[in-house]
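Enquirer:
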Amino acid sequence: MLLEILAEEALKGSKPSSTFKAESFVKVATEISQKFNVQYEPKHVDNHLKTVKKEWGIITKLKNKSGFGWDDCLKMITVSKDVYDEEVKAHPNHDKYLNKKLDMYEAMAIVVGKDMATGNYAKSLLMSTWKRTLKSNQFQLKMKGNMKKLLREKRHLPLRQHRKRNRMYEDNGVEKLSKQIGDVALAIQSLSKNQLDVNALYAEVMKIEGFDEITLGEAFDHLVQNEMLAKAFMAKNANLRKIWVQNFMNQHYYRPAC
0 MLLEILAEEA
10 LKGSKPSSTF
20 KAESFVKVAT
30 EISQKFNVQY
40 EPKHVDNHLK
50 TVKKEWGIIT
60 KLKNKSGFGW
70 DDCLKMITVS
80 KDVYDEEVKA
90 HPNHDKYLNK
100 KLDMYEAMAI
110 VVGKDMATGN
120 YAKSLLMSTW
130 KRTLKSNQFQ
140 LKMKGNMKKL
150 LREKRHLPLR
160 QHRKRNRMYE
170 DNGVEKLSKQ
180 IGDVALAIQS
190 LSKNQLDVNA
200 LYAEVMKIEG
210 FDEITLGEAF
220 DHLVQNEMLA
230 KAFMAKNANL
240 RKIWVQNFMN
250 QHYYRPAC
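Just so you know, we're using numbering that gives the first Met the number 0 here: the sequence shown kicks off at 0 and counts up by one.
1) Give the straight-line distance between the Cα atoms of D71 and W55, rounded to the nearest whole angstrom.
2) Quick one: grab the DSSP three-state call for K88.
3) In whole angstroms, what is the alpha-carbon distance linking T77 and Q194?
4) If we call anything under 9 Å between Cβ atoms a contact, is T59 one with G216?
5) Give the DSSP bridge partners of V37, in chain order.
6) Does the beta-carbon of H47 have 16 or more other beta-carbons within 10 angstroms, so that it is buried, or is it exposed?
7) Less than 8 Å between the CB atoms is what I'm expecting for L73 and H93, so what's the real figure, rounded?
8) What number of angstroms, rounded off, separates the C-alpha of V25 from the C-alpha of Y39?
9) Does the Cβ of M107 have 16 or more other Cβ atoms within 10 Å, making it buried, or fewer, making it exposed?
10) Output the distance between the C-alpha atoms of K53 and I213, rounded to the nearest integer angstrom.
11) Using a 10 Å radius around the Cβ and a threshold of 16 neighbouring Cβ atoms, would you call I31 buried or exposed?
12) To which residues of the same chain is L228 closer than 7 Å at the C-beta, ignoring the five residues directly before and after it?
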């Protein structure tokens, strides 16, 4: 999600040089915070971007190495078994870049590289932006519609009946409105209490020993996008956290069969 939003910002002209405008980082942090109910700040965007730049540097270097091929349709660095074995022996963490489709390659090229998006990818980004805007507008319209309905219900209460009975209807209308407002307030309060502390999560993930920074950065990104998983991770002790990261690597990193 982070890469997609930054790619959209770049296409809109918010990356006049090699760096983004400050408001782009604010936008990314705001959207991630709202979508995943976490406290995500612009500095976290900057940290993630540094990790992406390191990954892009590795990908670029591998593409240009002798004996390494590039499939532009699949966005994949292709190598023979002998070349793969030699590269992974020297750099074990490079196995995830070899003979595996790089799903976010085009977004990375726009965000941290010098390449331009292909026509199809640019269209998909614009469609993604349109869908998010549409959902936001629909939500706002729904909220306005609910408020208008409540106001109509209150405004159309019986006015010409006996004073005591009229007062009863008015009290019921006010009570109903107050209850709905109270429910919203309780829901917001509950969300606030259960918010994930992204700063604490980042610190705990990055201090796990035995893994490179890029791997830990990807593990952190995965946890941020899965709040319940992140909370479970924070409840584990140091040994169980290390085991979780190892399992994460085994599940997400591809190794060709010998």
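Think of the CB as a built atom: it goes at the ideal place given N, C-alpha and C, for glycine as much as any other residue.
Expert: By the coordinates alone:
1) 16 Å
2) helix
3) 42 Å
4) no
5) L195
6) buried
7) Wrong, their Cβ atoms sit about 18 Å apart, outside the cutoff.
8) 10 Å
9) buried
10) 8 Å
11) buried
12) L222
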